[in-house]
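Let me begin by presenting the structure, written as structure tokens, before commenting on it.
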Amino acid sequence: MHDPTLLLDVLFLLLAAILVVPLFQALRIPAVLGYLVAGAMLGPHTPGPVVDLAVPQVLSEFGVVFLLFAIGLELPVSRLRAMRHYIFGLGLMQVGLTSAAIGLAAWWLGLAPEAALIVGGMLAFSSTATVLKLLVERGETVARFGRISVAVLIFQDLAVVPLLTLLPLLADPDASIPLALALAAAKAVAAILVIMLLGRFVVRPAYRFIASAGNPELFTATNLFVVLAVGWLTAQAGMSMALGAFLAGMLLADTAYRHQVEADIEPFRGLLLGLFFMTVGMSLDLPAMVAEAQTIAALTAALLIGKSLLLFLLCRLSGLGLATSLRIGLLLSQGGEFAFVLIGKAVGLSVLDTHTGLLLSSSVALSMAVTPAIGAVAQRFAQGIEARLGAEAFGIETSDLKSHVLICGYGRVGKAVAKLLTEHNIAYVALDLEPQRIAAARHDGLPVYFGDASQGTVLRAAGIERARAAVITLNRPDAAHRAVEAIHATAPKLPIIARAHDLGQSAALAAAGASAIVPETMEASLQLAGLVLRSAGVEAAAVELSLKAHRDGNYRTLAEQQAAN
């Protein structure tokens, strides 16, 4: 290393991140804010070591590029099609109307039209990382408000791309905003067409060839080359590298290589994106923020209240229930990570002045910091509404569900099935008749509803025609039998997996239309026998073969009984 100062700067950056970010995560504060604080500690406005901003700033730009690539990977066309109603309906309305409202307010407060347009767009976005973290921690990704929140976030991620493309055009003082918008749209469409053609006829065949080589290092190098090369092409065409990276991600989203590509890119994305937020933190003028604390607090409050009210109204107009609309509105009321990206670029291009950029960055950071508390308040309010008015009709709650699993019975077995489905990000709806059990599940925001699974109207309200499978976990044999009959009559082709006490009940459920049955007594006996055999020194492979033979024999007997009936 020829420059010891550069090495020392790198060590300070790593040490600050190592010390601060885990502490913030332990306190359940978004990691983004941890990186901002770590960067502020090394900036010129705080006592202590000062890191030269030049080198990390160059590298941090690639953090945004890799972030857009990762977002593109998460948006295969099939996913966009499945959630199109809320992505391109509610999401489009939220971004459009919020951008317009905030932009008009910014213009009224004295900003130039170009600056007001960018401010409106950047503050319309919410924090994807913060919101998803809260939903995953609470197991609410399969809840209705969780699914719709994710759909709105997806459209926001899509909207970042044209805004990044538009920003350099607005930096031209002679530019016409309508013309700039039209030019940005035309360039984006042209870039999509060219890159899609390259992807179909060049990139995908190249990936097949590279994957066949079986060299992990070469595969990773290919991923880096594709991201940077496509980004360079869009930059040469007068657009941002981020747009190219996003399109490159979408190219690979529907391929068999998506998950491996995502795993290879993750370390680069995480490290460079963390470095980006640290450079943002290094540029924050903390004394000036303290001096403007009152203005920052007012802007943050206006952002949180305004966005939550507007989104709440849009949700209600979209036919969502009161509690669901309230939770979505409050959960997505904060500013997002992309605001820091856009603020930095807008200040660099002189679209925004430094003071306005400082106020906006501080307000976004503060709104993200209070999001966990707002989420808790939203949950409490929603529970209060449901306690007074009753759970919202689950026919409305499940109207957008598709390829979900219907769980009939939310006792010990039903809870275990629901937990495993959630871990694999599979949506479910559970029906039960025990009020206390339902109340406890609703308190946790879970999609569990009061309903008799043997009634066709209840099954149709739960979306049985759109489900991928039904699971019968009811403890009472007669109730389980009626549920299987009703489901088979309502949706004859739907797979029905049922729990049975013994082979006798298994035969009855099979005759009623169950596709697969798990007899508890037989499975418990076989598991017990397997443990005994292993303890006696029998090899594991031999034990599994023996258990399989017994299972096959018992299920063959069951099938013969069903055929005889």
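Quick note on numbering: the sequence shown equals residues 1 to 565 in UniProt numbering. Glycine residues also receive a C-beta, built at the ideal position from the N, C-alpha and C atoms.
Residue i to residue j span [Cα, whole Å]
i, j, result
"Thr128", "Leu167", "21 Å"
"Leu272", "Val65", "9 Å"
"Pro216", "Ala31", "30 Å"
"Val417", "His355", "53 Å"
"Lys548", "Ala542", "10 Å"
"Phe69", "Leu331", "25 Å"
"Leu528", "Ile517", "19 Å"
"Gly390", "Glu292", "The pLDDT assigned to Gly390 is 49, lower than 50, so where the model puts this residue is not dependable; a value taken from the coordinates is nonetheless given after this. Distance between the alpha carbons of Gly390 and Glu292 is about 45 Å."
"Pro205", "Leu198", "10 Å"
"Gly231", "Ile296", "35 Å"
"Met289", "Val119", "19 Å"
"Leu92", "Val161", "14 Å"
"Ser318", "Phe24", "37 Å"
"Val226", "Gly110", "43 Å"
"Met1", "Val10", "Model confidence at Met1 stands at a pLDDT of 48, short of 50, so the residue's coordinates are unreliable and nothing is read from them."
"Met39", "Gln94", "First, the residue type needs correcting, since residue 39 is Gly and not Met in the sequence shown. Going by the C-alpha atoms only, they are around 32 Å apart."
"Arg466", "Ala256", "26 Å"
"Pro4", "Leu14", "15 Å"
"Leu228", "Leu67", "12 Å"
"Met250", "Leu545", "44 Å"
"Asn223", "Leu163", "25 Å"
Proximity of residue i and residue j at Cβ, strictly below 8 Å
i, j, result
"Leu123", "Ile102", "yes"
"Ala369", "Ile87", "no"
"Gln455", "Thr130", "no"
"Asp285", "Phe219", "no"
"Leu494", "Ala470", "yes"
"Ala182", "Gly72", "no"
"Ile464", "Ile438", "no"
"Ala17", "Met278", "yes"
"Ala382", "Ala323", "yes"
"Thr347", "Gly357", "Note that residue 347 corresponds to Val in the displayed sequence, not to Thr. Taking 8 Å as the Cβ cut-off, Val347 and Gly357 qualify as a contacting pair."
"Pro44", "Val37", "no"
"Leu42", "Met282", "yes"
"Ala339", "Leu360", "yes"
"Leu304", "Gly329", "no"
"Gly63", "Leu275", "yes"
Presumed contact (8 Å Cβ cut-off) between residue i and residue j, rounded CB distance
i, j, result
"Val429", "Tyr449", "7 Å"
"residue 602", "Arg468", "Because the chain is modelled from 1 through 565, residue 602 falls outside the range shown and cannot be assessed."
"Ile496", "Gly513", "6 Å"
"Ile426", "Thr473", "About 16 Å separates the two Cβ atoms, so there is no contact after all."
"Thr300", "Ser363", "5 Å"
"Leu349", "Ile343", "The Cβ separation is near 11 Å, so there is no contact."
"Ser126", "Leu135", "Going by Cβ atoms, the distance from Ser126 to Leu135 rounds to 12 Å, so no, they are not a contact pair."
"Ala453", "Leu431", "5 Å"
Where residue i sits in the DSSP three-state scheme
i, result
"Pro519", "strand"
"Arg499", "strand"
"Val50", "coil"
"Val538", "coil"
"Val203", "helix"
"Ala151", "helix"
"Ile29", "coil"
"Ala491", "coil"
"Thr130", "helix"
"Pro44", "coil"
"Leu332", "coil"
"Asp478", "helix"
"Thr222", "helix"
"Asp353", "coil"
"His424", "coil"
"Val37", "helix"
"Ala105", "helix"
"Gly348", "helix"
"Ser318", "coil"
"residue 641", "It is not possible to answer for residue 641, since the shown part of the chain is limited to 1 through 565."
"Met93", "helix"
"Thr255", "coil"
"Leu13", "helix"
"Phe69", "helix"
"Leu284", "coil"
"Val230", "helix"
"Met368", "helix"
"Phe88", "helix"
"Gly390", "With a pLDDT of 49 at Gly390, under the threshold of 50, the modelled position of this residue cannot be trusted; read the value that follows with caution. Here Gly390 sits in coil by DSSP."
"Ser454", "coil"
"Asp172", "coil"
"Phe62", "helix"
Those residues which DSSP pairs with residue i across a bridge
i, result
"Val448", "Ala430"
"Ala469", "Val405"
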